[in-house]
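Right, one structure below, let's go through it.
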Amino acid sequence: MSKRYTNLNNLISDVKSDIDKSLKNEVFDEIRAIELEHVQKDVLDVYSPKDYVRRHQMGIDDPQNIVGVVSGGELVVDNVTPFNSDYFTANKGIGLAELINYGNGRFYYDYPGAFERPRPFIDRARIEVAKSDRVKKALEKGMNKKGW
Numbered sequence: 000m001s002k003r004y005t006n007l008n009n010l011i012s013d014v015k016s017d018i019d020k021s022l023k024n025e026v027f028d029e030i031r032a033i034e035l036e037h038v039q040k041d042v043l044d045v046y047s048p049k050d051y052v053r054r055h056q057m058g059i060d061d062p063q064n065i066v067g068v069v070s071g072g073e074l075v076v077d078n079v080t081p082f083n084s085d086y087f088t089a090n091k092g093i094g095l096a097e098l099i100n101y102g103n104g105r106f107y108y109d110y111p112g113a114f115e116r117p118r119p120f121i122d123r124a125r126i127e128v129a130k131s132d133r134v135k136k137a138l139e140k141g142m143n144k145k146g147w
């Protein structure tokens, strides 16, 4: 730490600010990488579509669809992949990740098939985030970059 503090409140404020920045950058990047690994392993690798063509942009494996918001030392990550508007489906807007993860529920598959079964990539990504040290290392990396 290169900066010296004479006021405890200033130190606490700077630490909180740098934690939020690290969450927004290094930690988010690592969590997104973990989720994308599970998209590949738990969704794409277990089923090859026969009734549709997977999107290469704006699909479930598009990193831009995984977003994060930091507030008060907490990072919330969400997969906001929209349903494919090119298909004639009752599902509209954001919710594809939920449908894939849980199967039929709040959203429904319009066409029956093997892809209807839950492929819990979000659940498995959450477990990995909780159990592995990858997120801890990402936070340490971010804080080290900021001099802590």
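Going by numbering that gives the first Met the number 0, the first residue of the sequence shown is number 0, and it counts up by one from there.
For every residue, glycine included, the Cβ atom is placed at its ideal position computed from N, Cα and C.
For residue i, which of the options has the nearest alpha-carbon?
i	options	result
GLY72	GLU34, ASP19, ASN143 and LYS2	ASP19
ASP51	THR88, ASN64 and LYS136	It should be noted that the sequence gives Tyr, not Asp, for residue 51. When only C-alpha atoms are compared, the closest one is THR88.
ILE99	ASP28, LEU7, VAL42 and ASN8	VAL42
LYS135	LEU10, VAL26 and THR5	VAL26
Take the Cβ of residue i as the centre, count every other Cβ of all protein chains shown within 10 Å, and call the residue buried at 16 or more, exposed below.
i	result
ALA124	buried
GLY141	buried
THR80	buried
VAL45	exposed
For residue i, I'd like the list of residues in its chain whose CB is within less than 7 Å of its CB, leaving aside the five on either flank, ordered along the chain.
i	result
LYS91	PHE82
According to DSSP, simplified to helix, strand and coil, what is residue i?
i	result
SER12	helix
SER131	coil
VAL42	helix
ASP61	coil
ASP17	helix
Can you list, in chain order, the residues of its chain with a C-beta nearer than 8 Å to that of residue i? Leave out the 5 residues immediately preceding and following it.
i	result
VAL14	TRP147
Query raised in the report: Within the chosen definition, does the region 60-75 reach the region 8-19 through at least 3 CB pairs nearer than 8 Å?
Result: Verdict: yes, contact present.
**Report entry** Cβ pair count under 8 Å reaching 3, the region 29-37 against the region 115-131
**Finding:** Yes: at least three Cβ pairs fall under 8 Å.
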